[in-house]
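If you use the working numbering, the sequence shown closes out at 309, no skipped numbers anywhere.
In this text, a Cβ means the ideal position worked out from N, Cα and C, and glycines have one as well.
Quick caveat, the model's predicted, so the values are computed rather than measured.
A short worksheet on the structure shown next.
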Amino acid sequence: MHIIDRSALPYPWLSGVPDLDHDFLYEAYAREARRCGITTVLHMEVDVDPAAIQAETDHVASLAKKEGSLIAGAIVSCRPEEEGFAAYLERRKADPFVKGFRRVLHVVPDDVSEGALFRENIRRISGSGLTFDLCTLPHQASRVTALVDLAPDVQFVLDHCGVPDIRSDAFEPWKAGISEIARRPNVVCKISGVVAYADAKTWTAQTLQPYIEHVTASFGWDRVVWGSDWPVCTLGGGLSTWVAATHSMLSGVSETERSKLLFANAQRLWSL
């Protein structure tokens, strides 16, 4: 889940997404999440202004310290393309609240992840126990596999099922990329966010089912985790709707498979 608090942090990209350009606070999320049966969450960085990256982590940590908070840790923003990453990594390794990193790659030139410094810094994560989230588009699949292959000891997490263009029914190109990425054992796929990529007025669980089935078939039930992607999921119906669709799509799987996706794999991956 993401917290958007414009009184606390600057989010330069929000002006380009009017439907998300207002506050989405922890209290609102927690109220609905508890009704959905969600008991533990990680906060995912929200691409704040680079100068506010540490402030975002501090803000979320303060919310986690409140009595009864659902927040158990954070995936924090980072800039592996910059010289200061090595020192930043050391500071984050010393903070048990931090569970991993993300650098959104579909908002920067494709060659950012191909830079020597970027790749060197990603390899530095090896052995830290911290993950690195890959937020990319389907056409970037070859760059994903190249990066993953260069850092085989780093645990990667592919966000949002690889961001399929469900609205345009661009299934086959996405499918091929997922199959190739899934061959790398150090990648886990996060089943999250896909309602935002479907037609908000017409999608059903059956619309999403082929995408979820291909992810689980490709990665297997030991390498998938579930995420709400709130508040981005509100673009396609909201948290309760996404939870209901998830349960519908899981109606034919075993209880063991369901538990792995919904909580057990995440507990193991991030030591929750």
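Given L272, which residues of its chain have a CB within under 8 Å of its CB, disregarding the five upstream and five downstream residues?
As a position in the sequence shown, residue 272 is number 235, starting the count at 1. D56, L57, V232, A233 and A237, listed in sequence order.
Considering only residues of the region 105-183, which uninterrupted alpha helix (DSSP H) runs meet the minimum length of 4 residues and lie entirely inside it, listed in chain order?
122-130 and 153-161
So W307 packs on G110, CB below 8 Å; how close in whole Å?
For the purposes of this step, residue 307 is taken as residue 270 along the sequence shown, with counting starting at 1. For the purposes of this step, residue 110 is taken as residue 73 along the sequence shown, with counting starting at 1. Right, the Cβ-Cβ distance comes to about 6 Å (below 8 Å), so this counts as a contact.
Among the residues of its own chain, which have a CB less than 7 Å from the CB of R43, if the five just before and after it don't count?
Along the sequence shown, read from residue 1 onward, the residue named residue 43 stands at position 6. The residues are D60.
Measure the C-alpha to C-alpha separation of G214 and G257 and round it to an integer number of angstroms.
Counting from 1 along the sequence shown, the entry for residue 214 is found at position 177. Counting from 1 along the sequence shown, the entry for residue 257 is found at position 220. For G214 and G257, the distance between alpha carbons rounds to 16 Å.
Could you give the distance in angstroms between the alpha-carbon of K297 and the alpha-carbon of C198?
Mapped onto the sequence shown, residue 297 falls at position 260. Mapped onto the sequence shown, residue 198 falls at position 161. Distance between the alpha carbons of K297 and C198 is about 16 Å.
Can you tell which of V290, S265, T283 and E292 has the C-alpha that lies nearest to the C-alpha of I40?
One-based indexing of the sequence shown puts residue 40 at position 3. Nearest of V290, S265, T283 and E292 to I40, Cα basis: S265.
Cβ-Cβ distance between L126 and I162 below 8 Å:
Counted from its first residue, the sequence shown places residue 126 at position 89. Counted from its first residue, the sequence shown places residue 162 at position 125. Yes, the pair counts as a contact, with Cβ atoms nearer than the cut-off.
Among P47, T76, V54 and S52, which has the Cα closest to the Cα of M38?
To locate residue 38, count along the sequence shown from 1; it is residue 1. The option with the nearest alpha carbon to M38 is T76.
Can you tell which of G230, A45, P87 and L142 has its C-alpha closest to the C-alpha of Q177?
To locate residue 177, count along the sequence shown from 1; it is residue 140. The shortest C-alpha separation from Q177 is found at L142.
Contacting residues, own chain, Cβ-Cβ under 6 Å from S114 (five flanking each side not counted):
For the purposes of this step, residue 114 is taken as the residue at position 77 of the sequence shown. For S114, where only same-chain residues beyond five positions count, the Cβ hits under 6 Å are E82 and I90.
Measuring alpha carbon to alpha carbon, tell me which residue in S285, V200 and V97 is nearest V181.
Along the sequence shown, read from residue 1 onward, the residue named residue 181 stands at position 144. Considering only alpha carbons, the answer is V200.
So what's W240 in DSSP terms, helix, strand or just coil?
For the purposes of this step, residue 240 is taken as residue 203 along the sequence shown, with counting starting at 1. Looking at W240 - three-state DSSP - the assignment turns out to be coil, as it is neither helix nor strand.
Quick check on the DSSP output: the alpha helix (DSSP H) that includes F61 runs from which residue to which?
Position 24 of the sequence shown holds residue 61. Unbroken run through F61: none, as it is neither H nor E.
Nearest to V315 (by Cα), restricted to the options L287, S277, A281 and R72
The chain is shown from 38 up to 309; residue 315 falls before or after that span and cannot be answered.
Report the three-state DSSP secondary structure of C226 (helix, strand or coil).
Locating residue 226 in the sequence shown gives position 189, counting from the first residue. Note: C226 maps to strand in three-state DSSP.
Paired residues, beta bridge with F193 - DSSP:
In the sequence shown, counting from the first residue as 1, residue 193 sits at position 156. According to DSSP, F193 bridges with F169 and V224.
Which one or two residues does DSSP pair with I41 in a beta bridge?
Taking the first residue of the sequence shown as 1, we reach residue 41 at position 4. DSSP lists F61 as partners of I41.
Does L167 pass the burial test, meaning 16 or more other C-beta atoms within 10 Å, or should it be called exposed?
Translated into the one-based positions of the sequence shown, residue 167 becomes position 130. By the 10 Å Cβ count, L167 comes out buried.
Same chain, Cβ closer than 8 Å to D86, five either side skipped, listed in chain order
Translated into the one-based positions of the sequence shown, residue 86 becomes position 49. So the qualifying residues of the chain are L46, P47, Y48 and P49.
Grab the span of the beta strand (DSSP E) containing W312 for me, first residue to last.
The structure shown does not extend to residue 312, since the chain is modelled only from 38 to 309, so the question has no answer here.
What whole-angstrom Cβ distance do R156 and L107 have, given they're in contact under 8 Å?
For this step, residue 156 is matched to residue 119 along the sequence shown. For this step, residue 107 is matched to residue 70 along the sequence shown. Not really, about 35 Å apart at Cβ, beyond 8 Å.
Beta-carbon proximity of A242 to S285, cut-off 8 Å:
For the purposes of this step, residue 242 is taken as the residue at position 205 of the sequence shown. For the purposes of this step, residue 285 is taken as the residue at position 248 of the sequence shown. It is a contact, given that the beta carbons lie within the stated cut-off.
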